[in-house]
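See below for the structure under consideration.
In the UniProt record's numbering, the protein residues as written are 1 to 324.
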């Protein structure tokens, strides 16, 4: 009996050990599977990288913006997320335009641009008042509107994209460059020059070289310009170099630049004291108002001079649809 009791005890111990081993394996397997699932959720295989595209939708140009978005969406299989930027009063209209058309299938986010950030930075006497619309300056504030992306594409609302936007997004930016543009050095043929008066491709068309502030930059007026209507931007470099602050500085310089002048007048009596002199502050425009006159372009030409990458010029063919 004593021997049988010992055998039963040994069998009981073995049974307990076996059950413990089975339970341990199940718990461990579950933990491994959970870790694998967590790893897959952090970096899922086969999920495409999002390509953020920023485009503005102004009240009077809503149709143009939607046409641009449609041209991008129709020519790519890439995973695009559209950041459609507008003023507060237009946000419901933007959503309605998208959700009541075939564009309802796109991945989009509507972003409000607050024009308060432009207070004191824009001259009200521009020769081209349409360029003073707040949304023309959205490109200055990309990091404030798009937060979770390293690389961003900005497009003006007057573009029609005829290629796969993935190719533009794959543009390689040189080390230390915050943006890539297309150069404007594609001079028109001689017989077309008379048609293209007002369309500039050098810095002289955008900066007033009669002003000392511009001369002191040391930039040749014949330097090839670029058009910031299509931008591939590196957000990390943009923030590191404080590009937005630099652009705002040159906006403010254009507002603040000027000189005091004194004008002698016929005597005007203030009480018994005659006043013969009047003093005025005459504002001077640093940017050319005769031809190119780009209000948003000029600060970018200064800030990015010699510090930008380029992409295939076929991604920004200018003057198409021009009516001379």
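Beta carbons are placed, not taken as given, at the ideal position from N, Cα and C, and that holds for glycine.
- From the DSSP output, read off the bridge partner residues of residue 110. Within the chain shown, numbered from 1, the residue matching residue 110 stands at position 110. DSSP output for residue 110 lists 84 as bridge partner(s).
- Query: Leaving out five residues before and five after residue 252 in sequence, what residues of the same chain have Cβ atoms less than 8 Å from its Cβ?
  - Reply: Stepping through the chain shown from its first residue, residue 252 is reached at position 252. Its chain contains 120 and 121 as the residues whose beta carbon lies nearer than 8 Å to that of residue 252, once the 5 sequence neighbours on both sides are disregarded; these appear in chain order.
- Query: Among the residues of its own chain, which have a CB less than 6 Å from the CB of residue 178, if the five just before and after it don't count?
  - Reply: Here residue 178 corresponds to residue number 178 of the chain shown, with the count starting at 1. Taking C-beta separations shorter than 6 Å and ignoring five residues to either side along the sequence, the partners of residue 178 in its chain run 234, 237, 238, 241 and 243, following chain order.
- Task: Just the C-alpha distance for residue 75 and residue 184, rounded to the nearest angstrom, thanks.
- Result: For the purposes of this step, residue 75 is taken as residue 75 along the chain shown, with counting starting at 1. For the purposes of this step, residue 184 is taken as residue 184 along the chain shown, with counting starting at 1. Taking C-alpha positions only, residue 75 is separated from residue 184 by approximately 25 Å.
- Apart from the five residues on each side of it in sequence, which residues of its chain come closer than 7 Å, Cβ to Cβ, to residue 307? Reading the chain shown from its first residue, position 307 is the one you call residue 307. Counting only Cβ-Cβ distances below 7 Å, and skipping sequence neighbours, we find 177.
- Task: Helix, strand or coil for residue 202, going by three-state DSSP, please let me know.
- Result: Within the chain shown, the letter at position 202 stands for residue 202. In this structure, residue 202 counts as strand in the three-state DSSP scheme.
- Could you name the residues that DSSP lists as bridge partners for residue 180? The residue given as residue 180 occupies position 180 in the chain shown. Bridge partners of residue 180: 232 and 309.
- Item | Test item: CB-CB of residue 67 and residue 160 under 8 Å | Taking the chain shown and counting its residues from 1, the one referred to as residue 67 is at position 67. Taking the chain shown and counting its residues from 1, the one referred to as residue 160 is at position 160. Taking 8 Å as the Cβ cut-off, residue 67 and residue 160 qualify as a contacting pair.
- Item | Straight-line Cα distance separating residue 145 from residue 54 | Stepping through the chain shown from its first residue, residue 54 is reached at position 54. Stepping through the chain shown from its first residue, residue 145 is reached at position 145. Distance between residue 54 and residue 145, taken at the CA atoms: about 9 Å.
- Expressed to the nearest angstrom, what Euclidean distance is found between the alpha-carbon atoms of residue 123 and residue 285? On the chain shown, position 123 is the one that residue 123 refers to. On the chain shown, position 285 is the one that residue 285 refers to. Near 8 Å, if we compare the C-alpha coordinates of residue 285 and residue 123.
- Give the secondary structure of residue 73 by DSSP, where H, G and I count as helix, E and B as strand, and everything else as coil. Against the chain shown, residue 73 aligns to sequence position 73. Here residue 73 sits in helix by DSSP.
- Query: Near residue 85, what residues of its chain come up, given a Cβ to Cβ distance below 6 Å and the 5 sequence neighbours on each side ignored?
  - Reply: Taking the first residue of the chain shown as 1, we reach residue 85 at position 85. Around residue 85: 56, 111, 113 and 138.
- Verify whether the separation of the beta carbon atoms of residue 182 and residue 140 is less than 8 Å. Looking up residue 182 in the chain shown gives position 182. Looking up residue 140 in the chain shown gives position 140. No. Outside cutoff.
- Query: Going straight from the alpha carbon of residue 104 to that of residue 147, what length do you get?
  - Reply: In the chain shown, residue 104 corresponds to position 104, counting from 1. In the chain shown, residue 147 corresponds to position 147, counting from 1. Distance between the alpha carbons of residue 104 and residue 147: 23 Å.
- Residues that residue 151 bridges to, as DSSP identifies them: Along the chain shown, one-based indexing puts residue 151 at 151. Answer is 234, bridged to residue 151.
- Query: Applying the criterion that 16 or more other CB atoms from any shown protein chain within 10 Å of the CB defines a buried residue, is residue 90 buried or exposed?
  - Reply: As a first step, residue 90 is located in the chain shown; it is residue number 90 there, counting from the start. Buried, since its Cβ has 16 or more Cβ neighbours within 10 Å.
- Task: Pull up the CB-CB distance for residue 158 and residue 296, whole angstroms please, since I reckon it's below 8 Å.
- Result: In the chain shown, residue 158 corresponds to position 158, counting from 1. In the chain shown, residue 296 corresponds to position 296, counting from 1. By a beta-carbon distance limit of 8 Å, residue 158 does not contact residue 296. Their separation comes to about 14 Å.
- Own chain residues within Cβ distance below 6 Å of residue 81, not counting five before or after: The residue you call residue 81 lines up with position 81 of the chain shown. Contacts found: 50, 52 and 107.
- Query: According to DSSP, which residues form a beta bridge with residue 227?
  - Reply: Position 227 of the chain shown, counted from the first residue, corresponds to residue 227. DSSP lists 182 as partners of residue 227.
- What residue range is occupied by the uninterrupted alpha helix (DSSP H) comprising residue 134? Walking along the chain shown from the start, residue 134 turns up at place 134. Here residue 134 belongs to no alpha helix (DSSP H), and DSSP marks it neither H nor E.
- Task: Just mark residue 32 as buried or exposed, buried being the case when its beta carbon has 16 or more other beta carbons within 10 Å.
- Result: Position 32 of the chain shown, counted from the first residue, corresponds to residue 32. For residue 32, the pLDDT reaches just 36, beneath the cut-off of 50, and the residue's location in the model is therefore unreliable, although a value from the coordinates is still provided. With fewer than 16 Cβ atoms within 10 Å of its Cβ, residue 32 is classed as exposed.
- Task: Following the continuous alpha helix (DSSP H) through residue 115, name the residue where it begins and the one where it ends.
- Result: Taking the chain shown and counting its residues from 1, the one referred to as residue 115 is at position 115. Residue 115: not part of any alpha helix (DSSP H); DSSP gives it neither H nor E.
- Message: So, with DSSP's three-state summary, where would you put residue 262?
- Response: Position 262 of the chain shown, counted from the start, is the residue given in the question as residue 262. Its pLDDT being 47, under 50, residue 262 is placed unreliably in this model, and the coordinates cannot settle the point.
- Could you give the distance in angstroms between the alpha-carbon of residue 223 and the alpha-carbon of residue 203? Taking the chain shown and counting its residues from 1, the one referred to as residue 223 is at position 223. Taking the chain shown and counting its residues from 1, the one referred to as residue 203 is at position 203. Their backbone Cα atoms lie some 6 Å apart in a straight line.
- Measure the alpha-carbon distance for residue 250 versus residue 299 and round it to whole angstroms. Sequence index remark: in the chain shown, residue 250 carries index 250 (1-based). Sequence index remark: in the chain shown, residue 299 carries index 299 (1-based). Rounded to whole angstroms, residue 250 to residue 299 spans 6 Å at the Cα level.
- Query: Which word fits residue 77, buried or exposed, when buried means at least 16 other C-beta atoms lie within 10 angstroms of its C-beta?
  - Reply: As a first step, residue 77 is located in the chain shown; it is residue number 77 there, counting from the start. Exposed.
- Query: Just how far apart, CA to CA, sit residue 93 and residue 60?
  - Reply: Taking the first residue of the chain shown as 1, we reach residue 93 at position 93. Taking the first residue of the chain shown as 1, we reach residue 60 at position 60. Roughly 11 Å separates the two Cα atoms.
- Query: What is the DSSP secondary structure of residue 214, counted as helix, strand or coil?
  - Reply: The residue labelled residue 214 in the question sits at position 214 within the chain shown. In the structure shown, residue 214 adopts helical secondary structure according to DSSP, grouped into three states.
- Message: Suppose the cutoff is 7 Å on Cβ atoms and the five residues either side in sequence are ignored; what does the same chain contact list for residue 38 look like?
- Response: Against the chain shown, residue 38 aligns to sequence position 38. Reliability of the predicted coordinates at residue 38 is poor, the pLDDT of 44 falling under 50, and no value is obtained from them.
- How is residue 286 classed by DSSP in three states: helix, strand or coil? Taking the chain shown and counting its residues from 1, one reaches residue 286 at position 286. Residue 286 carries a coil assignment under DSSP once its states are collapsed to helix, strand and coil.
- Query: Can you tell which of 312, 88 and 166 has its C-alpha closest to the C-alpha of residue 116?
  - Reply: Counting from one through the chain shown, the residue named residue 116 turns up at place 116. Selected option, being the one with the closest Cα: 88.
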